[in-house]
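Chemist: Chains as they are written, first to last, in my numbering: chain L, 1 to 331; chain Y, 1 to 290.
We treat Cβ as the ideally placed atom computed from N, Cα and C, and that holds for glycine.
After the structure tokens below, expect a handful of questions from me.
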């Protein structure tokens with residue numbers, strides 16, 4: 001499995017991290033921002049990977065937690081709370097919401113779960129849009145750029161700061177997933193994903209395990225949301241609760257391989273590369289290419305790029321791809 | 001009195017559109033157990049097809065059956081050559097696939113039609129309105145409501161009285177048993193998605209007549225269709241109607257008294273409550289759950 005990551009020679013780990021650490025010296029400010037965005041996507045992808053990949057639950061509640069983290073943090077900062085405390089406040093708020101909605105939602109089966117998470121996100125978004133308290137009015141953007149000392153940094157320092165902060169978040173998210181995969185919880189969750197009834201027959205408390213990973217995932221997402229708020233300098237409700245980010249992340253996890261440690265990494269790398277190359281050359285066709293890519297992956301290699309790690313490049317041989325195509329064909 | 005009637009008329013329009021859409025959407029969900037996110041794209045394509053036909057000189061009402069025919073073939077083809085390949089797999093595959101299809105089609109719409117809102121101008125015989133106790137009821141809206149009722153009636157007829165309908169219902173109730181009696185499940189699935197797309201096309205054509213269409217219109221309505229479908233429940237023709245009525249009235253009421261941002265919230269809260277208390281919906285029938 002992916003237990004290899006810590007068995008990899010230390011040299012290989014350093015070889016991967018080193019370029020990432022020194023890259024800012026060679027990249028211009030645009031390049032730094034692109035890579036920093038990739039780190040943000042990776043952190044989000046790994047948090048979603050916990051619930052969508054390992055637990056197998058297609059949760060569309062990510063914008064709800066991301067937005068909660070962003071907005072609560074922003075409101076607290078604007079009201080004079082220290083930035084670090086504000087971030088914890090945002091994360092706590094998101095976890096509280098997850099705890100509240102988790103119990104009734106997680107026991108819904110199949111598509112009802114997906115729809116419920118979608119509706120909760122929409123409900124939360126509409127609720128926040130109508131809020132008018134603590135100096136925050138739902139419909140307008142909230143500017144927190146000048147409320148912290150970040151406003152005093154020059155462009156280069158600002159970019160570097162967030163480059164490394166987001167890198168740290170991405171690494172923390174990776175570490176969480178790795179630790180999780182090998183833990184009892186990780187195995188329990190995978191068995192629940194494959195066959196919930198059998199798992200429960202073995203004595204696994206399915207509801208509790210799902211709730212646990214739901215809370216962890218929501219907290220991680222909220223933390224990324226809070227950092228994003230500081231990075232952007234201004235938060236706007238519709239932007240914070242937008243589904244576009246979530247769907248991008250879900251596509252990345254699928255592309256790379258859900259339920260694996262390195263899958264999201266591959267997915268993020270691939271999609272960011274595509275965005276920066278094809279997306280820049282042919283901006284009008286950007287959506288079309290993304291959609292077609294998703295379709296091709298789902299049809300021909302649902303395990304994503306990570307299957308190449310497991311089976312080698314032959315996982316993408318035409319005969320294998322056709323096999324995959326026919327595997328789920330209705331008879 | 002005027003306000004109440006106006007609210008009722010607004011609700012009537014939205015409700016009838018949602019009823020048609022929800023009927024189509026719940027068809028694929030109920031029979032194939034697929035959450036067809038590409039339904040948004042079907043609605044949008046239906047709107048653009050109708051718009052294009054009208055711009056070529058076709059009469060507005062005539063565009064509706066033509067659009068339905070075009071979308072039927074499109075949906076049938078989409079099912080046969082794409083979606084059929086993920087039916088037997090985990091549900092996350094089909095949701096992701098339909099999301100990808102939706103994204104690609106919306107992207108194509110942006111490319112060919114741009115983001116400009118398009119709408120169709122109602123012809124002479126449909127312009128003008130009735131005045132009832134101070135509330136305005138445009139003729140065009142009455143026509144839309146009548147068409148929606150007609151389509152729902154046709155759907156009920158097909159499902160209840162014809163052999164095709166029986167085939168579809170049988171496949172929905174028990175796929176294995178249907179195979180045992182000789183039903184070709186794959187063909188049934190293809191037809192069902194075709195019918196679903198035809199209804200989406202009709203909804204799109206009606207939308208372009210009343211609200212106007214843009215590449216993202218489908219996504220906007222899909223959310224409300226989801227609400228209506230969950231509220232009304234899968235497996236019956238009555239369900240979507242009742243769900244649409246409730247959502248239409250709730251949306252219209254809150255929009256008038258509390259502002260339009262609260263109106264979506266009202267619908268969302270109602271359906272969340274229903275989801276928790278009675279997941280199968282108000283009129284839903286339980287068949288294969290997972």
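(1) Pick helix, strand or coil for residue 33 (chain L), following the three-state DSSP scheme.
(2) Helix, strand or coil for residue 275 (chain L) per DSSP?
(3) How about residue 247 (chain L): is its C-beta nearer than 8 Å to some C-beta of chain Y?
(4) Let me know if residue 62 (chain Y) comes out buried or exposed under the rule of 16 or more other beta-carbons within 10 Å of its beta-carbon.
(5) DSSP puts residue 227 (chain Y) in a beta bridge; with which residues?
(6) In chain order, what residues of the segment 90 to 119 of chain Y put their CB closer than 8 Å to some CB of chain L?
(7) Would you identify the three-state DSSP class for residue 55 (chain L), choosing helix, strand or coil?
(8) Would you say residue 210 (chain L) faces chain Y, with C-beta separation under 8 Å as the test?
(9) How big is the Cα-Cα spacing for residue 257 (chain Y) and residue 275 (chain L)?
(10) With distances taken between CB atoms, is the gap from residue 125 (chain L) to residue 254 (chain L) smaller than 8 Å?
(11) So, is residue 318 (chain L) buried or exposed, given that buried needs 16 or more other C-beta atoms within 10 angstroms?
(12) Note down, in chain order, each residue of its chain lying with its Cβ closer than 8 Å to the Cβ of residue 221 (chain Y), except the 5 sequence neighbours on either side.
(13) Might you give, ordered along the chain, the residues of its own chain that have their beta carbon closer than 7 Å to the beta carbon of residue 287 (chain Y), omitting 5 neighbours on each side?
(14) Within 10 angstroms of the Cβ of residue 130 (chain Y), are there 16 or more other Cβ atoms? Answer buried if so, exposed if not.
(15) Does the beta carbon of residue 110 (chain L) come closer than 8 Å to any beta carbon on chain Y?
(16) Give the secondary structure of residue 134 (chain L) by DSSP, where H, G and I count as helix, E and B as strand, and everything else as coil.
(17) If you run the structure through DSSP and keep just helix, strand and coil, what is residue 129 (chain Y)?
(18) Touching or not, the segment 224 to 243 of chain Y and the segment 94 to 107 of chain L, by the rule of three or more beta carbon pairs under 8 Å?
(19) Using a threshold of 8 Å, state whether the C-beta atoms of residue 41 (chain L) and residue 268 (chain L) are closer than that.
(20) Could you tell me which chain L residues have their CB closer than 8 Å to the CB of residue 240 (chain Y), listed as they occur along the chain?
(21) Return the bridge partner residues of residue 135 (chain Y) from the DSSP annotation.
(22) Between the alpha carbons of residue 282 (chain Y) and residue 244 (chain Y), how many angstroms are there, rounded?
(23) Listed in chain order, which residues of the segment 270 to 291 of chain L have Cβ atoms closer than 9 Å to some Cβ of chain Y?
(24) Using the three-state DSSP reduction, which class does residue 213 (chain Y) fall into: helix, strand or coil?
(25) Grouping DSSP H, G and I as helix and E and B as strand, with all else coil, what is residue 169 (chain L)?
(26) Contact criterion: CB-CB distance below 8 Å. Does residue 246 (chain Y) meet it with respect to chain L?
(27) Is the Cβ-Cβ distance between residue 271 (chain Y) and residue 227 (chain Y) less than 8 Å?
(28) Can you tell me whether residue 311 (chain L) is buried or exposed? The criterion is at least 16 other CB atoms within 10 Å of its CB, across all chains shown.
(29) At 4 residues or longer, what runs of the alpha helix (DSSP H) sit wholly inside the segment 40 to 108 of chain Y?
(30) Please confirm if the segment 74 to 89 of chain L is in contact with the segment 222 to 230 of chain L, defined as three or more CB-CB distances below 8 Å between the two stretches.
(31) Please list the partners that residue 61 (chain Y) has in chain L, where partner means a Cβ-to-Cβ separation under 8 Å.
(32) In the segment 109 to 136 of chain L, which residues sit with their C-beta less than 8 Å from some C-beta in chain Y, listed in chain order?
(33) Can you round the beta-carbon distance between residue 297 (chain L) and residue 48 (chain L) to whole angstroms, since I take them to be within the 8 Å contact cut?
(34) Quickly, what does DSSP pair residue 118 (chain Y) with across the bridge? List them, please.
(35) How about residue 76 (chain Y): is its C-beta nearer than 8 Å to some C-beta of chain L?
(36) Residues of chain Y with CB closer than 9 Å to the CB of residue 305 (chain L), please, in chain order.
Modeler: Inspection of the coordinates gives the following:
(1) helix
(2) helix
(3) yes
(4) exposed
(5) DSSP output for residue 227 (chain Y) lists no bridge partner at all.
(6) 90, 91, 92, 93, 95, 96, 97, 99, 100, 101, 102, 103, 104, 105, 106, 107, 108, 110, 111
(7) coil
(8) no
(9) 44 Å
(10) no
(11) exposed
(12) 17, 18, 21, 40, 43, 203, 207
(13) Because the pLDDT at residue 287 (chain Y) is just 46, under 50, the model does not fix this residue reliably, and the value given afterwards should be weighed accordingly. Closer than 7 Å at the Cβ level, and outside the excluded window around residue 287 (chain Y), lie 172, 173, 235.
(14) exposed
(15) yes
(16) coil
(17) strand
(18) no
(19) yes
(20) Correct list: empty, because the minimum Cβ distance to chain L is about 15 Å.
(21) Y:132
(22) 12 Å
(23) 284, 285, 286, 287, 288, 289, 290, 291
(24) strand
(25) helix
(26) no
(27) yes
(28) exposed
(29) 60 to 81
(30) yes
(31) Correct list: empty, because the minimum Cβ distance to chain L is about 33 Å.
(32) 109, 110, 111, 112, 114, 115, 116, 118, 119, 120, 122, 123, 126, 127, 129, 130
(33) Rounded, the Cβ-Cβ distance is 16 Å, inconsistent with contact.
(34) Y:213
(35) no
(36) Ordered by position in chain Y, no residue passes the 9 Å Cβ test against residue 305 (chain L), which lies about 15 Å from the chain.
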